[in-house]
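Per the numbering used here, the sequence shown starts with residue 2, numbered consecutively. The C-beta atom is built at its ideal place from N, Cα and C for all residues, glycine as well.
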Amino acid sequence: MELKNKIAVVTGAGKGLGRAISTSLVKKGALVYGLARHPEDLASLQNIVSSSFIPVLLDVSNRELVMEWTTDTFLEVRSPDILINNAGAGYFSKIDELPWEKWDEMIGTNLNGLFYMTATLVPLMKKQKGTCHIINIGSILGKTSRQEATAYCMTKYGIQGFSEALFKELRPHNIRVSCINPGSIATRFFEDSGIHPHDNMILPQDLADIVVHVLETPNTLLIDELTVRTMFNKRSTQK
Numbered sequence: 002m003e004l005k006n007k008i009a010v011v012t013g014a015g016k017g018l019g020r021a022i023s024t025s026l027v028k029k030g031a032l033v034y035g036l037a038r039h040p041e042d043l044a045s046l047q048n049i050v051s052s053s054f055i056p057v058l059l060d061v062s063n064r065e066l067v068m069e070w071t072t073d074t075f076l077e078v079r080s081p082d083i084l085i086n087n088a089g090a091g092y093f094s095k096i097d098e099l100p101w102e103k104w105d106e107m108i109g110t111n112l113n114g115l116f117y118m119t120a121t122l123v124p125l126m127k128k129q130k131g132t133c134h135i136i137n138i139g140s141i142l143g144k145t146s147r148q149e150a151t152a153y154c155m156t157k158y159g160i161q162g163f164s165e166a167l168f169k170e171l172r173p174h175n176i177r178v179s180c181i182n183p184g185s186i187a188t189r190f191f192e193d194s195g196i197h198p199h200d201n202m203i204l205p206q207d208l209a210d211i212v213v214h215v216l217e218t219p220n221t222l223l224i225d226e227l228t229v230r231t232m233f234n235k236r237s238t239q240k
């Protein structure tokens, strides 16, 4: 896919991976609608990039707001070509110690938000003449597991199954679906999740470059699933 002049929607765009993906797409000439819940994150990103980045204050777990924004935004302009479902929440604790509101947030963002965004944009993508692409950001914990991460693993396994089924459903409509499963990413996500960050983590820009590469593959091809890990560096092996 040629990214210049394409319209992309990126969720969780205010920080971390979503911020890196949004910046990379703008540099490639795409028009990016960046969705996030915190206005200060969106404002700082818009100052760094250009007018090709359109900040959108939106909680993807709110079905009514997602539907309203989609209708209002794409009523008279060209429909999006790209959807990056990146927004995610993660909390790690013993099953009997996980606060119920944390469970609700992970389900609301990781699964409901994924469904709401995809279900509202797919009908618009089906009307496009060219190839469209949906990329869902999963996790290595959607392919394996770890203790004290039952709820988070469940949501990421859900993204894996959702993506595989969606790929089969949308393939005849010229809409590509990919699921990218990274290992630990060096973002503020881990500060909020209760896990201590370490030196051997994926850099957001490196993963954003991979997302762009997946998008830019020829329209006759599809990378439906990709697992990304880090190699051990000298600092991590010396600890």
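Across the set ASN182, ALA90, SER53, the C-alpha of SER53 shows the shortest separation from the C-alpha of VAL27. The criterion of a C-beta distance shorter than 9 Å is satisfied by ILE160 and GLY143.
Assignment of TYR117 by DSSP, reduced to helix, strand and coil, places it in the helix class. In this structure SER23 is not in contact with VAL10, their Cβ atoms being roughly 10 Å apart against a cut-off of 8 Å. The C-alpha of VAL33 is placed about 6 Å away from the C-alpha of ILE55. In this structure, the alpha-carbon of ILE176 lies about 8 Å from that of PHE168.
The residue from THR110, GLY30, SER94, ILE203 with its alpha-carbon nearest to that of ARG38 is THR110. With contacts defined as CB atoms closer than 9 Å, LEU59 and VAL67 qualify as a contacting pair. DSSP places HIS174 in the helix class (H, G or I) of the three-state scheme.
Under the DSSP definition of a beta bridge, LEU84 partners with VAL10, ILE135. One alpha carbon belongs to GLN206, the other to ALA21, and they sit about 5 Å apart. Annotated three-state conformation of GLY162 is helix, per DSSP.
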